[in-house]
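When the letters of the sequence shown are read in order and numbered with our numbering, they come out as residues 394 to 757.
Note that the Cβ used here is the ideal one computed from N, Cα and C, for glycine as well.
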Amino acid sequence: MSASSCPTETQEEEERMSKHTMAQPMTRRSALRLLGGIPLAASAGFAGTAAAADSVKLINLGFALGIHCPPTYGITDECPKLGLQVEMQRFQRMRDVLQTVMGGTGEIGIAEPILLLRGRQAGTDLVIFGNFYLHTTLVVAVNTDQIKTWKDLEKPDVTVGINSQGDITQVMIIGGFLKAGGDLSKVKWADVGGSGTRLRALLSKRVQATVVHFDQVPEIQKSGNYRVILVPHKEYDPWINEIVFARGDWLKNPANRRKAVAFMKGVILASRRGTADFGYYKTAFLKHATLKDKETMPEAEMQAHWKELAHGIGVWPADNAFRPANLEKLLPYYHAAQAIEDKPVDLKAAMDLGIVAQALKELG
């Protein structure tokens, strides 16, 4: 069983993508209303003790796939060597990650950039200070009996399956479609759900195009005429999928900035080692992956997956690839998908470049 197609991932990815508030307009009032869930969220995680100077509270998602494992290992195993203990609390829903950091129960969070930018447009003071990893394992696949070119998505008998309106699966498709001169008003979208559900919808011909994981493609192609028409790391170069963030006021404290630097040093160290050494990746994968069959996965399959992640896609860049230009070129597609409001985004205010810069300086 592949690391991207098991039932566990399907269920957890659906929790991750469909239950945050991407499809709903976020006003300042609605953003602040998210804070109402914080007491319940906090009760499941951190003890009510004051954090020590060398510790930090991280809010993360409740699952880990192969792509997440080296940076997660960096948090749990490399950061302590750098003098930083990271207390990690996991939630199934990305909105809970956001609200817990907004309310101060958590100090650092990991989430999709779209949600952070929506929050900032609504008036929240959340600042992105690094990438958790780069790119994604998702690709866009189509039934070639009906779709030969991007323009074929405009056909009245073609339905495009996504997780939900305004989320990353829709943005990913919209970018390639608009670059090919497509007319969005002619596309019929269907909210299908997680990757396993989307795969079944494609094979049953309920949809003719959708987003699946790269290692699901060979199995799909055994069932009919299907091909990949978009690979995000090639189309967008890069695709930004998950970022590291904190409150702006928290980052202004010099002691907290030192914690953030140590945090990113741990992520970057593990990214470098996870890219260079399969053994390191395997250790991280076996420790952190939430896939049910990881202990019995054949090593050859695990190594093939690592090789594609590390060297085919390049998901753990040695310098973290944290640059405003990388996010800026995705903004037109965020706007087109109505994932963020149709107004300018101040990336200079939304991103703190100093943390990764200092981490790289210290790592050499």
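Which listed residue (the options) has its alpha carbon closest to that of residue i
i, options, result
"LYS645", "ILE633, ALA742, GLY659", "ALA742"
"GLY601", "LYS627, ASN536, ILE636, LYS685", "Residue identity check: residue 601 is Gln in the sequence provided, not Gly. Here the closest residue by C-alpha is ASN536."
"LEU465", "ILE507, ASP518, ALA594, ASN524", "Looking at the sequence provided, one finds Thr at residue 465 rather than Leu. It is ASN524 whose Cα lies nearest to the Cα of THR465."
"TRP709", "ASN634, LEU510, LEU596", "ASN634"
"LYS572", "PHE671, LYS722, TYR673, GLU694", "LYS722"
"MET744", "GLU734, LEU753, ASN719, TYR727", "ASN719"
"THR590", "HIS606, LYS579, GLY575", "HIS606"
"LEU596", "GLY569, GLY554, TYR629", "GLY554"
"LEU684", "GLY455, VAL449, SER448, ASP447", "GLY455"
"GLU480", "VAL449, PRO506, PRO631, VAL494", "VAL449"
"ALA515", "ALA648, PRO737, VAL637, HIS681", "PRO737"
"GLY617", "GLN563, GLY575, TRP543, GLN539", "GLN539"
"LYS680", "ILE468, LEU746, ALA594, LEU451", "ILE468"
"LEU740", "ALA750, LEU753, LEU724", "LEU724"
"ARG599", "ASP550, LEU475, THR542", "ASP550"
"PRO473", "PHE522, LYS652, ASN556", "LYS652"
"ILE706", "GLU628, PRO691, ARG716, PRO647", "GLU628"
"PRO717", "ALA639, ILE452, LEU746", "LEU746"
"MET565", "LEU592, ALA457, THR552, ALA534", "ALA534"
Sequence-distant residues of the same chain with beta carbon closer than 6 Å to residue i, five excluded per side
i, result
"THR668", "ALA703, TRP709"
"TYR673", "ARG666, GLY667"
"TRP699", "PHE671, TYR674"
"LEU527", "PRO631, VAL708, PRO710, ALA714"
"THR755", "According to the sequence shown, residue 755 is Glu rather than Thr. Excluding positions up to five away in sequence, the list is empty."
"ASN649", "TRP643"
"GLU471", "GLY659, LEU662, ALA663"
"ALA445", "Annotation note: pLDDT 43 at ALA445 (below 50); position unreliable, coordinate value reported separately. Contacts found: none."
"VAL749", "GLY523, MET657, ASN713, PHE715"
"GLY429", "In this predicted model, GLY429 has a pLDDT of only 33, less than 50, meaning its place in the structure is not dependable; the value taken from the coordinates is given anyway. Nothing listed; no residue qualifies."
Span of the alpha helix (DSSP H), counted from its first residue to its last, around residue i
i, result
"LEU720", "717-721"
"GLY707", "Unbroken run through GLY707: none, as it is neither H nor E."
"LYS680", "671-681"
"TYR726", "724-729"
"MET760", "The structure shown does not extend to residue 760, since the chain is modelled only from 394 to 757, so the question has no answer here."
Beta bridge counterpart(s) of residue i as assigned by DSSP
i, result
"SER448", "GLN478"
"ALA639", "VAL520"
"LEU454", "PHE484"
"MET744", "ILE521"
Nonlocal neighbours in the same chain, by C-beta distance under 7 Å from residue i, ignoring five residues either side
i, result
"LEU425", "At LEU425, the pLDDT of 34 sits below 50, so the modelled position is not reliable; the number obtained from the coordinates is stated separately. Closer than 7 Å at Cβ, skipping near neighbours: no residue."
"THR530", "SER397, ILE460, HIS606, PHE607"
"ALA440", "For ALA440, the predicted structure reports a pLDDT of 40, less than 50, and the residue's modelled location is therefore unreliable. A value from the coordinates is still provided. No residues qualify anywhere along the chain."
"ILE733", "ILE507, LEU510, ARG511, GLN514, TYR727"
"ASP576", "GLU547"
"GLY476", "ASP447, ALA655"
"GLN696", "PHE671"
Same chain, Cβ closer than 8 Å to residue i, neighbours up to 5 away in sequence not counted
i, result
"LEU491", "HIS413, LEU427, GLY502, ALA504, LEU508, LEU509, GLY512, LEU519"
"VAL532", "VAL604, VAL605, HIS606, PHE607, VAL610, VAL621, LEU623, VAL624, PRO625"
"CYS462", "GLY667, TYR674, ALA677, PHE678, LYS680, HIS681, ALA682"
"GLN563", "ILE555, ASN556, SER557, TRP582, ALA730, ALA732"
"GLU688", "LEU679"
"PHE570", "TRP543, LEU546, LEU577, VAL580"
"GLN614", "ARG620"
"PHE638", "VAL494, ILE501, GLY502, ILE503, ALA504, LEU509, LEU519, VAL520, ILE521, PHE522"
"ASP735", "HIS728"
"GLN478", "ALA445, ASP447, SER448, VAL449, CYS472"
"ILE567", "LEU577, TYR726, ALA729, ALA730"
Cutoff 8 Å: residue i Cβ touching any chain D Cβ
i, result
"GLN482", "Included in the structure is just one protein chain, with no chain D present."
Quiz item: For the segment 548-625, which segments carrying the alpha helix (DSSP H) assignment without a break, of at least 4 residues, lie completely within its bounds, in sequence order?
Solution: The segment 548-625 is shown to contain whole alpha helix (DSSP H) runs of 4 or more residues at 561-572, 588-596, 610-614, in chain order.
Exercise. Go through the segment 456-537 residue by residue and report every complete run of the alpha helix (DSSP H) that reaches 4 residues or more, in order.
Key: Fully enclosed alpha helix (DSSP H) runs of 4 or longer: 462-466, 487-495, 506-514.
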